[in-house]
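Peer 1: Sending over a structure as structure tokens; questions will come in a sec.
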Amino acid sequence: MPALSARLADVAALCPEGAVVADIGSDHGLLPLALLRMGRAPRVIAVDLHPGPVAQLRVRAAAEPRLEVRAGDGLAPLRPGEAQIIVLAGIGARLAERILRAAPDVWAAAARVIVQVNEGPEELRAALLGMGMELVDQRFVEERGRPFFTDALRPRAEGPAPPLSGAAALLGPRLLAAPPPALRGWVRREMARLDVILAGLALAPPPGLVERRAALVAAETSWGPA
Ligand SMILES: C[S@@+](CC[C@H](N)C(=O)[O-])C[C@H]1O[C@@H](n2cnc3c(N)ncnc32)[C@H](O)[C@@H]1O
Numbered sequence: 001m002p003a004l005s006a007r008l009a010d011v012a013a014l015c016p017e018g019a020v021v022a023d024i025g026s027d028h029g030l031l032p033l034a035l036l037r038m039g040r041a042p043r044v045i046a047v048d049l050h051p052g053p054v055a056q057l058r059v060r061a062a063a064e065p066r067l068e069v070r071a072g073d074g075l076a077p078l079r080p081g082e083a084q085i086i087v088l089a090g091i092g093a094r095l096a097e098r099i100l101r102a103a104p105d106v107w108a109a110a111a112r113v114i115v116q117v118n119e120g121p122e123e124l125r126a127a128l129l130g131m132g133m134e135l136v137d138q139r140f141v142e143e144r145g146r147p148f149f150t151d152a153l154r155p156r157a158e159g160p161a162p163p164l165s166g167a168a169a170l171l172g173p174r175l176l177a178a179p180p181p182a183l184r185g186w187v188r189r190e191m192a193r194l195d196v197i198l199a200g201l202a203l204a205p206p207p208g209l210v211e212r213r214a215a216l217v218a219a220e221t222s223w224g225p226a
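When we follow my numbering, the leftmost residue of the sequence shown carries the number 1, and every step to the right adds one.
Here it is in structure tokens:
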């Protein structure tokens, strides 16, 4: 069994010990198998939509009775309360949002929802706060030159949280308050990348670009010298 990649290790680190995990879009099943092997989860339900990954997961489950495989779309194969931790990793922000919007009864009965999307983590974060979740923890890692924000959220008893803005919306308030060195490096490089784009524009910048740069500058300013 190969070691978890850095981004999946971030997801595993945000899974509290002893809880049943549902891994949605599980594919190769590396996260469930690692959680079981580490003794972090007593049982994992691996869900996938597509026949290839489901078949692969079933082969793995045949050798690991604590791994249960279900075929289906997003959270549809789960009943509320079956899993205390719901993981959505390695998919796009729009798909993750669609999956969670389609099953509010399932995520509202969970203790924690962990999301790590391939792109647009800030849009997903804003959507989930608006749906009635609150952020409880965050991690950041770069893998093969790509940034991965991992957010852990939980249902919020008081309804939707107030929206975030600026640097807190872009990075998440927990990472903004306590940035790991890798995040500070990424922010500096992302600012430089946007500067090159802005300097080369003959027309007005695309929507959001100037605001994104301003949020990065605000983060860098709030942190002071490294
Ligand atoms: C790129 S893999 C991610 C695997 C793993 N979660 C990770 O982070 O490495 C995405 C997986 O999501 C599955 N998937 C796509 N849409 C889905 C849906 N609506 N419901 C469940 N699984 C889905 C795909 O079949 C694929 O196996």
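Quick reminder that beta carbons are idealized off the backbone N, C-alpha and C, glycines included. Quick caveat: nothing in here was measured; it's all calculated off a predicted structure.
Sorry if obvious, but does the Cβ on A89 come closer than 7 Å to a heavy atom of ligand 1?
Peer 2: yes
Peer 1: Rounded to whole angstroms, what is the Cα-Cα separation between G72 and E82?
Peer 2: The alpha-carbon atoms of G72 and E82 are separated by roughly 16 Å.
Peer 1: With the cut-off set at 8 Å, would you say G90 and E119 are in Cβ contact?
Peer 2: Remark: C-beta atoms of G90 and E119 do not approach each other more closely than 8 Å.
Peer 1: Which class does G172 belong to by DSSP, given the choice of helix, strand or coil?
Peer 2: coil
Peer 1: Hey, could you find the ends of the beta strand (DSSP E) V11 is sitting in?
Peer 2: Per DSSP, V11 belongs to no beta strand (DSSP E); it is in the alpha helix (DSSP H), A6 to A13.
Peer 1: Taking buried to mean at least 16 other C-beta atoms within 10 Å of its own C-beta, is E17 buried or exposed?
Peer 2: E17 should be labelled exposed.
Peer 1: Reducing DSSP to helix, strand and coil, say where M38 ends up.
Peer 2: Coil.
Peer 1: Within the 8 Å Cβ cut-off, does W186 reach chain C?
Peer 2: The question asks about chain C, but that chain is absent: this structure has only one protein chain.
Peer 1: Our contact map puts L175 next to L164 with C-beta atoms below 8 Å; I'd like the distance itself, whole angstroms only.
Peer 2: No, L175 and L164 are not in contact; Cβ-Cβ is about 12 Å, not under 8 Å.
Peer 1: My understanding is that I86 touches V117, with C-beta atoms under 8 Å, so please give their C-beta distance in whole angstroms.
Peer 2: Contact flag wrong, Cβ pair sits at about 14 Å.
Peer 1: Is DSSP giving P53 helix, strand or coil here?
Peer 2: helix
Peer 1: Give the secondary structure of G145 by DSSP, where H, G and I count as helix, E and B as strand, and everything else as coil.
Peer 2: coil
Peer 1: Using 7 Å as the cut-off, classify the Cβ of P45 as near or not near the heavy atoms of ligand 1, replying yes or no.
Peer 2: In the sequence as displayed, the identity of residue 45 is Ile instead of Pro. I45: no, Cβ never under 7 Å from ligand 1.
Peer 1: From the DSSP secondary-structure annotation, give me the bridge partner or partners of D48.
Peer 2: A71
Peer 1: Looking only at its own chain, which residues have a Cβ that is under 7 Å from the Cβ of E64, when we skip the five neighbours before and after it?
Peer 2: Correct list, in chain order: L33 and L36.
Peer 1: Do you know how far the Cα of L31 is from the Cα of M191?
Peer 2: 33 Å
Peer 1: Measuring CB to CB, does V141 end up less than 8 Å from D27?
Peer 2: No.
Peer 1: Going straight from the alpha carbon of A218 to that of A12, what length do you get?
Peer 2: Rounded to whole angstroms, the separation of the alpha carbons of A12 and A218 is 30 Å.
Peer 1: In chain order, what residues of the same chain have a beta carbon less than 6 Å from the beta carbon of E123, not counting five sequence neighbours either side?
Peer 2: Excluding sequence neighbours, E123 sits near A93.
Peer 1: With D195 as the anchor, note down where its alpha helix (DSSP H) starts and where it stops.
Peer 2: P181 to A199
Peer 1: Round the Cβ separation of M131 and R98 to the nearest angstrom and send it over; I've been treating them as touching at under 8 Å.
Peer 2: The pair is not a contact, with the Cβ atoms about 12 Å apart (cut-off 8 Å).
Peer 1: Can you tell me whether D48 is buried or exposed, with buried defined as 16 or more other CB within 10 angstroms of its CB?
Peer 2: buried
Peer 1: For P80 versus V106, is the C-beta distance shorter than 8 Å?
Peer 2: In contact: P80 and V106 (Cβ atoms closer than 8 Å).
Peer 1: R139 to F149, Cα distance in whole Å?
Peer 2: Between R139 and F149, the alpha-carbon positions lie close to 6 Å from each other.
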